[in-house]
Amino acid sequence: MTHKLVTPLFLIFFFIFSTLYHAVLSDDQSNKTEEASPPPPSPFDFLKNLLGSQKGQNVKGVKELKEYLKRFGYLNHDQSSSNYLNTNNNNEGGGGDDDFDEQTESAIRKFQQNYNLTVTGSVDSKTVSKMMMPRCGVPDKMNGNNAGFHLDYKFYDGNPKWPPSKSTLTYGFLNGTPRQGVYAIRKSLQDSASVSHFTFKYTEDYANADLKFSFQKRYHKDNNPFDGPGGVYAHAWAPPIGAVHFDSEERWTLGKFPHSIDLYTISLHEIGHALGLQHSTVQAAVMYPYVGAGEVKNLQDDDIEGIRALYTL
Ligand SMILES: [Zn+2]
Ligand SMILES: [Zn+2]
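The sequence shown runs 1 to 313 under UniProt numbering.
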């Protein structure tokens with residue numbers, strides 16, 4: 001009797017186990033396929049073609065490389081305006097040709113120094129990998145050689161900030177702002193308020209809000225056009241302008257998803273600019289300008305110490 005009962009029970013267990021096992025396995029395989037799938041095309045893809053290039057060469061794509069280095073603060077960049085984004089119609093490239101000249105090499109060296117990479121002056125694989133990551137459109141500011149230090153928060157030249165009398169800032173959304181954008185921005189504002197003296201108050205009067213949030217596409221009348229999916233994901237202006245633009249063509253999400261950008265993380269970053277913080281080279285910091293695929297961050301010591309130092313809290 002016992003023997004006759006054991007066999008069907010065994011079969012039932014075997015069936016359940018194998019079904020579960022295959023369910024787990026196939027789930028695992030689909031995740032692997034997702035992770036292994038190539039990233040979607042990016043405006044920074046031209047950099048792949050430049051791997052190994054160095055001074056003295058003429059390689060197709062060096063023109064775009066010079067434009068990249070100029071745009072992000074490493075080559076002939078005009079940092080005279082306090083917000084560092086383009087304020088005039090001069091969107092000319094860095095050199096206009098594909099010659100990898102001395103200035104280009106020097107700009108690559110600056111970039112490598114700022115990101116704590118081996119300073120070679122050539123377009124090596126680590127430099128290409130860093131440069132190809134999606135990033136903020138605000139140019140970087142170099143502060144000597146602080147790369148790799150625990151704290152590296154920075155301010156804009158002249159330390160523009162909201163006046164002490166203005167600890168309540170109003171914020172508004174341009175009509176048509178996606179719902180998940182509103183949610184992520186509100187959460188970021190709450191978390192920024194919790195580490196500073198600021199309170200943020202919603203206003204329907206978008207045009208007169210201190211902080212103006214909008215999703216924009218390609219050319220949008222501020223001389224800093226967005227570039228479609230990948231590449232630059234957002235940009236913002238320092239006080240007292242306080243405008244924050246997100247590239248509406250990015251794959252925005254809330255949370256960690258492959259090949260997507262977390263709206264909360266980027267909102268925190270851009271609000272940092274709108275309060276007066278510049279880019280940090282501390283990789284864990286919210287104010288680090290590059291974002292890894294599916295990366296989600298919360299405010300770090302570097303960000304919090306930065307805002308407290310700027311407003312002497
Ligand atoms: Zn930024
Ligand atoms: Zn813009």
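We treat Cβ as the ideally placed atom computed from N, Cα and C, and that holds for glycine.
Quick caveat: nothing in here was measured; it's all calculated off a predicted structure.
Do residue j and residue i count as a contact pair if the criterion is CB distance below 9 Å?
i, j, result
"P38", "G230", "no"
"V232", "G172", "no"
"V291", "Y153", "no"
"D210", "L169", "yes"
"M133", "Y68", "no"
"P47", "V128", "Looking at the sequence itself, residue 47 is Leu, so the reference to Pro does not match. Closer than 9 Å, so yes."
"F257", "G294", "yes"
"G121", "Q57", "no"
"F215", "G158", "no"
"P289", "R135", "yes"
Among the options, which residue has its Cα nearest to the Cα of residue i?
i, options, result
"I271", "N224, K212 and D227", "K212"
"S196", "L69, L310 and L50", "L310"
"D302", "D205, F155 and K66", "F155"
"V244", "I307, F198, L268 and N298", "L268"
"K161", "L277, E249 and K110", "L277"
"P163", "L275, N298 and T253", "L275"
"N114", "A284, I304, T312 and S280", "S280"
"R109", "S42, V123 and D98", "V123"
"T265", "D140, M287 and K63", "M287"
"A184", "K297, L51, L151 and F44", "K297"
"L50", "V62, P289 and K141", "V62"
"S165", "N143, P178, Q180 and T199", "T199"
"Y74", "D45, F111, F44 and D97", "F111"
"M142", "F72, Q180 and E305", "F72"
Examine ligand 1 and report whether any of its heavy atoms sits within less than 8 Å of the Cβ of residue i.
i, result
"M133", "no"
"V138", "yes"
"M142", "no"
"P289", "yes"
"E270", "yes"
"H273", "yes"
"H279", "yes"
What residues sit near ligand 2, counting only those whose C-beta is closer than 6 Å to one of its heavy atoms, in chain order? Any heavy atom of ligand 2 counts here; residues with a Cβ closer than 6 Å to one of them, in chain order, are Q216, H220, D222, N224, H235 and H245.
Say whether the stretch 236-255 touches the stretch 99-118, bearing in mind that this needs 3 or more beta-carbon pairs closer than 8 Å, one atom from each stretch. no
Would you call the stretch 185-194 in contact with the stretch 217-228, where contact means no fewer than 3 C-beta pairs closer than 8 Å? no
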